[in-house]
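Student: Residues in the sequence shown are numbered consecutively from 147, following this note's numbering.
Idealized CB from N, CA, C, for every residue including glycine.
Shown below is the structure under consideration.
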Amino acid sequence: MADIPETTLDQFLSLAAHDMKQPLNVLQMYSGILQRRAKLSSEDELTQVVRGSMKKMQAMVSLLTQWARADRGELKMELDTLLCPQWFTLLDELQSPLGAPLQITHLPQQPTTEQPLQLDAHLLQQSLQDIIYLLPETTPVTLQVEGWCLQIHCATLFTGSGSSEQYQDALYQLAVTAGRAIFGAVGLKLSLSASTQEGHSTLKLVPL
147 MADIPETTLD QFLSLAAHDM KQPLNVLQMY SGILQRRAKL SSEDELTQVV
197 RGSMKKMQAM VSLLTQWARA DRGELKMELD TLLCPQWFTL LDELQSPLGA
247 PLQITHLPQQ PTTEQPLQLD AHLLQQSLQD IIYLLPETTP VTLQVEGWCL
297 QIHCATLFTG SGSSEQYQDA LYQLAVTAGR AIFGAVGLKL SLSASTQEGH
347 STLKLVPL
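Set out below in structure tokens:
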């Protein structure tokens, strides 16, 4: 019996992203055709549900692709020198899965947090958006910012025993794991905490 060549994490992630991308492109085209045939507006509830699902798939492909690049050490970055006000502006552009602006709280910052950070602003923003898109559309999401510390609060996904809850939990874990690799490459640490008693989860992003 011939030996099966070992698949590296990088190869697996690259293949997974590629295999998901092709059917996703077909589904996007087909959903657009169906929308025009049914004469549904962009504000129609069914249209928004379909778009939300597509964004989840796109976010997953994007995270898998970037995760593979981070694993190879080939995550090309264009570093920007950001001050806290620019950090706030970058976060203010993030949107919920259905396209609505996220609720963001800016807490008073201490003078010591004024030190600039070297970050790839576009990569950071895109990765954060991908993670947010993987959350359920019905999940209230708020962002809390204090200096360079960003916390994403959402309803916990660790309760329930149905397939839907397990599916969302798997997506959430993928987002966290991929996020750790991607943000680690740009000098940021992503941590996760969940409280089933209080019914919420928190993603925390801080400089290393």
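Three-state secondary structure (DSSP) at residue 238?
Tutor: helix
Student: From which residue to which residue does the beta strand (DSSP E) around residue 264 run?
Tutor: 263 to 265
Student: What separation, rounded to the nearest whole angstrom, lies between the Cα atoms of residue 166 and residue 280?
Tutor: 15 Å
Student: Considering only residues of the same chain and omitting the five flanking positions on each side of residue 213, which have a CB-CB separation below 7 Å?
Tutor: 159, 324, 327 and 328
Student: Tell whether a beta-carbon distance below 8 Å holds between residue 297 and residue 350.
Tutor: yes
Student: Under the criterion of a Cβ to heavy atom distance below 7 Å, does residue 329 qualify as lining the ligand GDP?
Tutor: For the structure depicted, the ligand GDP is absent and the ligand set is empty, with no information on it obtainable.
Student: Less than 8 Å between the beta carbons of residue 287 and residue 295, yes or no?
Tutor: no
Student: How would you call residue 276, buried or exposed, if buried means at least 16 neighbouring beta carbons within 10 angstroms?
Tutor: By the Cβ neighbour-count rule, residue 276 is buried, with 16 or more other Cβ atoms within 10 Å of its own.
Student: For residue 234, which residues from the same chain have a beta carbon less than 7 Å from its beta carbon, with the 5 sequence-adjacent residues on both sides left out?
Tutor: Here the set comprises 252 and 291.
Student: According to DSSP, is residue 292 helix, strand or coil?
Tutor: Annotated three-state conformation of residue 292 is strand, per DSSP.
Student: Can you tell me which of 335, 293, 157 and 175 puts its alpha carbon nearest to the alpha carbon of residue 237?
Tutor: 293
Student: Drop a sphere of 10 angstroms on the beta-carbon of residue 175, count the other beta-carbons inside from all chains shown, and report buried for 16 or more, exposed for fewer.
Tutor: exposed
Student: Could you compute how far the alpha carbon of residue 305 sits from the alpha carbon of residue 348?
Tutor: Bear in mind that the predicted position of residue 305 carries a pLDDT of just 46, short of 50, making it too unreliable to give a figure here.
Student: Helix, strand or coil, according to DSSP, for residue 211 in the structure here?
Tutor: helix
Student: From residue 198 to residue 229, what distance separates their C-alpha atoms?
Tutor: Each residue's alpha carbon lies about 33 Å from the other.
Student: Measuring only the C-alpha atoms, how far is residue 307 from residue 163?
Tutor: Bear in mind that the predicted position of residue 307 carries a pLDDT of just 47, short of 50, making it unreliable; the figure below should be weighed with that in mind. One C-alpha to the other measures close to 28 Å.
Student: Going along the chain, which residues of its own chain have a beta-carbon closer than 6 Å to the beta-carbon of residue 206, five neighbours each way excluded?
Tutor: none
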